[in-house]
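Heads up, the sequence shown is in the working numbering, so the first residue is 509 and it goes up one at a time. Built from N, CA and C at the ideal position, the CB exists for glycine as well.
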Amino acid sequence: MEFKTKNSFIKENFLLENKTAEKLFFDYAVSMPIIDYHNHLSPNIIANNEPFSGINEIWLSGDHYKWRAMRTLGIEEKFITGKNTSDKEKFDKWAYTVPFTVGNPLFHWTHLELERYFDIKMLLQPSTSNEIFEETNHQLKTLLPKQLLKDMRVEMLCTTDDPIDDLSSHQKISLSLDGPKVFPGFRPDRIFGIEEENYLDYLNALAVTSGKEIIDLNSLLEALRSRIAFFHENGCRISDHGLEFTYSSDFTFAQVNAILKNRLLGKIPKKEDKIKFNSCVLFELFKMYHDFEWT
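The structure is reproduced here in structure tokens:
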């Protein structure tokens with residue numbers, strides 16, 4: 509599928525539908541710094557501040573939204589996450605997919621990024637794939653992560669971090685005099701996956717990083733509080749949850765303690781027990797966040 513034109517639809521007043529919007533944006537918003545409380549940027553990449561290997565690293569290597577679009581279109585998995593497929597082959601398949609994403613934010617994001625980061629004013633499609641691949645890779649040889657953030661006027665950002673993360677990259681960034689302020693965000697999603705096969709492995713990792721042996725509900729909560737305190741010491745002031753819904757089932761501490769002890773013995777909980785467990789842990793985490801005056 510090809511468009512009738514190669515020219516991008518992104519113009520100076522893109523999404524600004526009237527004079528009031530234009531005035532608010534150009535007179536006020538355009539020069540303001542970006543303060544980003546949630547993103548999935550890699551603190552390690554920011555800390556090391558080294559050149560990217562190419563456009564595939566920052567665009568395709570970890571973007572599950574793009575992967576899902578390609579899979580939906582029937583693209584073979586080897587062109588999405590395959591290890592024996594070249595970057596150019598994968599990029600060409602993404603370029604083939606892009607025209608089919610009209611109406612999806614992926615279409616807008618793709619062309620906004622091409623223009624704002626690379627000054628490329630072309631539509632990505634099969635006929636422009638080679639030119640855009642070559643140009644973006646050429647520019648990325650001299651574009652460093654911190655410079656990209658600076659160009660976007662990013663003043664502060666919060667990353668998405670698991671409780672077991674050691675935050676060494678954040679510590680390294682905090683010692684740097686250049687670039688935006690980067691703080692961790694506490695994202696404990698995996699603690700709610702009590703029915704997952706690898707859940708006990710995760711609890712073991714949490715026990716090691718917290719220095720707390722997890723043998724019951726009390727010790728689990730102590731381990732989580734320990735990690736919250738560690739995150740707090742490293743600048744974290746925000747929690748971040750990806751929940752399928754807000755867990756709010758009735759529970760007693762004794763019930764949840766029994767559910768966890770059974771899980772520690774290898775027993776997978778029933779759905780209603782999972783919800784009780786998650787309701788309790790979420791409630792206790794909320795209390796901890798309040799104690800530390802987090803958002």
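Check, Outcome
"Excluding sequence positions up to five away, which residues of its chain have a Cβ less than 6 Å from the Cβ of S637?", "D600 and A603"
"Using the Cα positions of Y573 and E530, report the straight-line distance between them to the nearest angstrom.", "30 Å"
"Is it true that the CB of N765 sits closer than 9 Å to the CB of L725?", "yes"
"Where does D781 sit, in a helix, a strand or coil, going by DSSP?", "helix"
"Can you give the beta carbon distance from L648 to F560, rounded, assuming they're within the 8 Å contact cut?", "5 Å"
"Classify E663 as helix, strand or coil using the three-state DSSP reduction.", "strand"
"From V716 to I722, what distance separates their C-alpha atoms?", "10 Å"
"When the distance is taken between beta carbons, is H678 closer than 9 Å to A555?", "yes"
"DSSP three-state call for D599: helix, strand or coil?", "Position check: residue 599 holds Phe in this sequence, whereas Asp was assumed. F599 falls in the helix class under three-state DSSP."
"Quick test of your reading: R661 and I542, contact by CB under 8 Å. State the CB separation rounded to the nearest angstrom.", "6 Å"
"Quick one: complete alpha helix (DSSP H) runs, 4+ long, within the segment 695 to 732?", "707 to 718"
"Which of helix, strand or coil does DSSP assign to I640?", "helix"
"Once you ignore the five residues that flank K689 on each side, which residues in its own chain have a CB closer than 6 Å to its CB?", "M664"
"With a 10 Å radius around its C-beta and 16 neighbouring C-beta atoms as the bar for buried, classify G562 as buried or exposed.", "buried"
"By DSSP, does I518 sit in helix, in strand, or in coil?", "coil"
"For D669, which residues does DSSP report across the bridge?", "F694"
"Could you compute how far the alpha carbon of I588 sits from the alpha carbon of F794?", "38 Å"
"Does DSSP put D674 in a helix, in a strand, or in coil?", "coil"
"Under the three-state reduction of DSSP, which class applies to I542: helix, strand or coil?", "strand"
"Could you pull the start and end residues of the alpha helix (DSSP H) that I563 belongs to?", "I563 to W567"
"DSSP puts M630 in a beta bridge; with which residues?", "N515"
"Would you decide whether V606 is buried or exposed? Buried here means 16 or more other CB atoms lie within 10 Å of its CB.", "buried"
"Can you name the start and end residues of the alpha helix (DSSP H) that K769 belongs to?", "F761 to L772"
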